[in-house]
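Reading through the structure tokens given below for one structure.
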Amino acid sequence: MKKPSTLSVVMKFLVAVPVMMAVIFWPAGTLGWIEGWVYLVLQLGTSTGLAVYFLKHDPELIQKRMEMKMPPHVWDRIIMVPFVLSMASVVIVPGFDAVRFGWSQVPVWLEATGFVGFLGSMWMLFLVMKVNSFLAKTVEIQKGHKVVTTGPYGVVRHPMYSAVLVMVVSISLGMGSWYALIPAGLTVLFLAVRISWEEKMLKEELSGYEEYMKKVRFRLVPGIW
13 MKKPSTLSVV MKFLVAVPVM MAVIFWPAGT LGWIEGWVYL VLQLGTSTGL AVYFLKHDPE
73 LIQKRMEMKM PPHVWDRIIM VPFVLSMASV VIVPGFDAVR FGWSQVPVWL EATGFVGFLG
133 SMWMLFLVMK VNSFLAKTVE IQKGHKVVTT GPYGVVRHPM YSAVLVMVVS ISLGMGSWYA
193 LIPAGLTVLF LAVRISWEEK MLKEELSGYE EYMKKVRFRL VPGIW
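With the working numbering applied, the sequence shown closes on residue 237, and no number is skipped along the way.
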């Protein structure tokens, strides 16, 4: 697999900045939104940190995460559309809710807790990426693919999705929107559906996965599911 250049990663980030600004601030109708800026800085800062680290330590993983391709499985294509829309809505809704219309009144301490939770979710994502070099955007069996059982994978079977769960709830609260918890909940629901389909495929196609399921009982949340 061709390794990504630093320039290609930088260019993607340069494109991402105005897109993210539009997604965050257009619904709000103003650039004078502190929570929006805090989220933007945290998102870009942590994403940059991940990119810099893995460009050095696992560039092929960055390439997999940057690839834009159609999922090979029909079920993954079906679930990906509502999943992406619901996750995007978690960032879009707060501008309408908390700023433009002022529906939600989330306490400042809870907003701060949300942003701390967001940082925690990005740390979780870092730990997952550090132990799993097979972490592609699409669900597929790769060359040399093996079951990962170390790090977060010793706690739950899908720790990246656990990080997403924490992330979407944290973004909703950090940006001061109760209503954003609705698409956050839908995101988690779509993740649960994807996990069910994904595990069926992994049991059939990835050697050792069924044994791993017996050792690590929980899929997403320890002690719950």
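Each residue gets a CB set at the ideal place from its N, CA and C atoms; glycine is no exception.
For this session: Go through the segment 68-115 residue by residue and report every complete run of the alpha helix (DSSP H) that reaches 4 residues or more, in order.
Result: 71-78 and 86-106
Exercise. Hey, is the segment 101-119 in contact with the segment 34-41, meaning 3+ C-beta pairs nearer than 8 Å?
Worked result: yes
For this session: Give the DSSP-derived three-state secondary structure of ILE194 in the structure shown.
Result: helix
Problem set entry | Cβ-based neighbour list, ALA110, same chain, cut-off 6 Å, excluding 5 preceding and 5 following | SER116, GLY188 and SER189
Exercise. With a cut-off of 8 Å, do at least 3 Cβ pairs link the segment 57-66 to the segment 129-137?
Worked result: yes
For this session: Use the C-beta contact count for LEU177: other C-beta atoms within 10 angstroms, 16 or more gives buried, fewer gives exposed.
Result: buried
For this session: Please classify LEU26: does DSSP put it in a helix, a strand, or coil?
Result: helix
Exercise. For the putative contact between TYR221 and LEU232, defined by C-beta atoms under 8 Å, what is the C-beta separation to the nearest angstrom?
Worked result: Not really, about 16 Å apart at Cβ, beyond 8 Å.
For this session: Tell me whether ARG206 sits in a helix, a strand or coil according to DSSP, three-state version.
Result: helix
Problem set entry | Neighbour-count burial assignment, TRP237, 16 or more Cβ in a 10 Å radius | exposed
Exercise. Shortest alpha-carbon distance to GLN75 belongs to which of LEU43, VAL86 and PHE146?
Worked result: PHE146
Exercise. What residue from TRP87, GLY107, MET92 and ASP88 has the CA that sits closest to ALA34's CA?
Worked result: GLY107
For this session: Kindly confirm or deny that the segment 190-201 and the segment 163-172 touch, where touching means at least three C-beta pairs closer than 8 Å.
Result: no
Exercise. Run through DSSP, which three-state label would PRO119 get?
Worked result: coil
Problem set entry | 8 Å Cβ shell around TYR51 - same chain, five flanking residues per side excluded | ILE36, VAL103, PHE127, PHE130, ILE183, GLY186 and MET187
For this session: Report the rounded CA-to-CA distance for ALA206 versus LEU122, giving the unit in angstroms.
Result: The amino acid occupying residue 206 in the given sequence is Arg; Ala does not appear at that position. Approximately 30 Å between the Cα atoms of the pair.
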